[in-house]
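Visitor: Pasting in a structure now, in structure tokens, and then I'll have a few things to ask.
Numbering (my numbering), first residue to last: 352 to 559.
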């Protein structure tokens with residue numbers, strides 16, 4: 352075989368080998384097609400702000416529910432003629448209209464002993480005695496009266512009463528939310544018990 356023919360055969364063999372390798376590599380390692388990706392952006396809707404502040408109590412009021420009712424600021428409180436009775440004292444509570452309008456008082460005042468004018472109440476408040484007498488119309492300087500019966504606390508055993516000094520009476524006019532103070536030093540029962548009644552009060556009537 353001539354030299355030229357040998358070279359031609361070798362070149363042909365190399366070409367076939369390279370073609371076979373290229374075909375084998377393509378089949379064993381296929382190129383994966385790229386997978387498209389999608390990015391979704393979600394905008395969250397804003398939630399309304401939450402109020403975490405606790406609701407406070409309603410503001411206190413000193414005005415009566417009925418606009419015709421006499422407010423405490425329209426009244427002056429004085430004591431009428433105090434009289435002693437068996438084991439108790441009768442104290443007339445006299446309400447005088449010092450406001451600039453005609454107003455009404457109807458029903459029972461609220462009455463309690465207090466240690467001092469703006470101090471704590473002492474013992475149980477007054478219980479109601481008798482029935483209501485109907486509304487009392489107070490013109491300017493008009494008067495209405497309720498009777499308070501103060502029972503002598505010495506009538507009760509000390510262990511039931513706990514006798515305690517008091518400075519006077521805290522008085523809420525009928526259907527009012529503010530109080531008046533009547534100085535009247537004495538002694539009350541600090542303890543509350545079913546057997547102990549230290550104050551009684553009647554409904555208001557006209558006059559004083």
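We put the beta carbon where it would ideally sit given N, CA and C, even for glycine.
How many Å lie between residue 552 and residue 476 at the Cα?
Guide: Cα to Cα, residue 552 sits roughly 10 Å from residue 476.
Visitor: Along the alpha helix (DSSP H) that carries residue 512, what are the first and last residues, could you check?
Guide: Unbroken alpha helix (DSSP H) run through residue 512: 509-512.
Visitor: Check residue 495 in the structure and name its three-state DSSP category.
Guide: Reduced to three states, the DSSP call for residue 495 is strand.
Visitor: Alpha carbon to alpha carbon, how far is residue 416 from residue 521? Give it in angstroms, no decimals.
Guide: Approximately 20 Å, taken between the alpha carbons.
Visitor: Classify residue 452: buried if its beta carbon has 16 or more other beta carbons within 10 angstroms, exposed otherwise.
Guide: Exposed is the call here.
Visitor: Using only the alpha-carbon positions, how far apart do residue 455 and residue 527 sit?
Guide: If I take the Cα positions, the gap works out to 11 Å.
Visitor: Verify whether the separation of the beta carbon atoms of residue 518 and residue 545 is less than 8 Å.
Guide: No, these two residues do not count as a Cβ contact at 8 Å.
Visitor: Kindly give me the distance between the Cβ atoms of residue 541 and residue 513, rounded to whole angstroms, as I take these residues to be in contact under 8 Å.
Guide: The Cβ separation is near 4 Å, so the contact holds.
Visitor: Answer with buried or exposed for residue 425, where buried requires no fewer than 16 other C-beta atoms within 10 angstroms of its C-beta.
Guide: Answer is buried; the Cβ neighbour count reaches 16.
Visitor: Taking only runs of the beta strand (DSSP E) that begin and end inside the segment 428-479, which ones reach a length of at least 3 residues, in chain order?
Guide: Within the segment 428-479, the complete beta strand (DSSP E) runs of at least 3 residues are 434-436, 439-448, 454-456 and 461-465.
Visitor: Can you find the residues in the same chain that come closer than 8 Å, C-beta to C-beta, to residue 502, ignoring five residues on each side of it along the sequence?
Guide: These residues qualify, in order along the chain: 438, 439, 548, 549, 550 and 551.
Visitor: If we count the other Cβ atoms within 10 Å of its Cβ and call it buried at 16 or more, is residue 410 buried or exposed?
Guide: Residue placement at residue 410 cannot be trusted, given a pLDDT of 37 that sits under 50; what the coordinates show is reported in the next sentence. The residue is exposed, with fewer than 16 neighbouring Cβ atoms inside 10 Å.
Visitor: Can you give me the start and stop residues for the beta strand (DSSP E) that residue 547 sits inside?
Guide: It is not in any beta strand (DSSP E) - residue 547 carries neither H nor E in the DSSP assignment.
Visitor: For residue 490, collect the residues of the same chain with a Cβ closer than 6 Å to its Cβ; drop the 5 residues on either side in sequence, then sort them by chain order.
Guide: Here the set comprises 453.
Visitor: Residue 534 lies in the beta strand (DSSP E); which residues open and close that run?
Guide: It spans 531-540 - the beta strand (DSSP E) in which residue 534 sits, taken as one unbroken run.
Visitor: If distances are taken between C-alpha atoms only, which option among 449, 495 and 530 comes closest to residue 468?
Guide: Nearest C-alpha to residue 468: 530.
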